[in-house]
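What follows is a short report on a single structure.
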Amino acid sequence: MEEQKQPSGGPHFVGKRDELIAEKRSFRTLEGRDILIIHHQDVFYAIDSYCYHNGGLLQNGDIEEIDGKMCIICPNHKYKITLAEGEGIYKGKNPRENPPVARWFSKGLKQRVHTVTESNGDVYVKLSDDKSMIDSDYYQGEKGKVAREAAEASRKKSEGDADR
Numbered sequence: 035m036e037e038q039k040q041p042s043g044g045p046h047f048v049g050k051r052d053e054l055i056a057e058k059r060s061f062r063t064l065e066g067r068d069i070l071i072i073h074h075q076d077v078f079y080a081i082d083s084y085c086y087h088n089g090g091l092l093q094n095g096d097i098e099e100i101d102g103k104m105c106i107i108c109p110n111h112k113y114k115i116t117l118a119e120g121e122g123i124y125k126g127k128n129p130r131e132n133p134p135v136a137r138w139f140s141k142g143l144k145q146r147v148h149t150v151t152e153s154n155g156d157v158y159v160k161l162s163d164d165k166s167m168i169d170s171d172y173y174q175g176e177k178g179k180v181a182r183e184a185a186e187a188s189r190k191k192s193e194g195d196a197d198r
């Protein structure tokens, strides 16, 4: 689906509910921003398409429930991102605990999330209006695009070397 000419700020029509459910994951560009719309367990989510860590495309990432939250796992480096909040999470141990117990910790908000609404079978996304910079914003700009392309070329080269 091509970007539709709609007023800045949205909400932007992104598709029919039934079509988005059937697709499960849909890529859209809204106001120059690449967004991934996910339908999982009867809930729609909208997040920036590129992982905050190194710009990996999240579209093919696995979705798992981790510590009570639905998360997408970046296929490149296995970074875990909560779908509803955009929080980066990781499993670790606090060495100050005796004995240290493995648990999930937050890295804070890393991935920009956007608001999804439905009306009469139509689905809309309103881009986040939070003006503070978060990590995934970098991969939406020109420098981030160059970094994403370089990382992808490096990944493909590594896969090619492994095939020999």
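Sequential numbering of the sequence shown, starting at 35, is according to my numbering.
Even glycine gets a Cβ: it sits at the ideal position worked out from N, Cα and C.
The structure presented is a predicted model; accordingly, all values stated were derived computationally and were not measured.
Grouping DSSP H, G and I as helix and E and B as strand, with all else coil, what is residue i?
{"i": "G49", "result": "strand"}
{"i": "D195", "result": "helix"}
Would you kindly work out how many angstroms separate the C-alpha atoms of residue i and residue j, rounded to a whole number?
{"i": "E131", "j": "L91", "result": "36 Å"}
{"i": "E36", "j": "D52", "result": "Interpretation of E36 is limited by its pLDDT of 43, a score under 50 that renders its predicted location unreliable; no figure is taken from the coordinates."}
{"i": "C108", "j": "Q93", "result": "9 Å"}
{"i": "G194", "j": "E183", "result": "16 Å"}
{"i": "F139", "j": "R67", "result": "29 Å"}
{"i": "G43", "j": "D164", "result": "12 Å"}
Measure how close the beta-carbons of residue i and residue j come, nearest whole angstrom, since I'm counting them as under 8 Å.
{"i": "V147", "j": "P45", "result": "Not really, about 14 Å apart at Cβ, beyond 8 Å."}
{"i": "K103", "j": "T116", "result": "5 Å"}
{"i": "Q11", "j": "S170", "result": "Any answer about residue 11 is impossible in this case: the structure gives the chain only from 35 up to 198."}
{"i": "I123", "j": "C105", "result": "7 Å"}
Which residue's Cα is closest to the Cα of residue i: the options?
{"i": "N88", "options": "S192, D195, S42, A181", "result": "A181"}
{"i": "A56", "options": "Y84, G142, I72", "result": "I72"}
{"i": "E9", "options": "C85, N110, A118", "result": "A question about residue 9 goes unanswered here, because the residues of the chain that appear run from 35 up to 198."}
- Task: Starting from the N-terminal side, write out each stretch of the alpha helix (DSSP H) that is 4 residues or longer and does not extend beyond the segment 113-192.
- Result: Runs found: none.
- Item | Every unbroken beta strand (DSSP E) within the segment 50-85, with a cutoff of 3 residues, ordered by chain | Within the segment 50-85, the runs of beta strand (DSSP E) that reach at least 3 residues and sit entirely inside it are, in chain order, 59-64, 67-74, 77-82.
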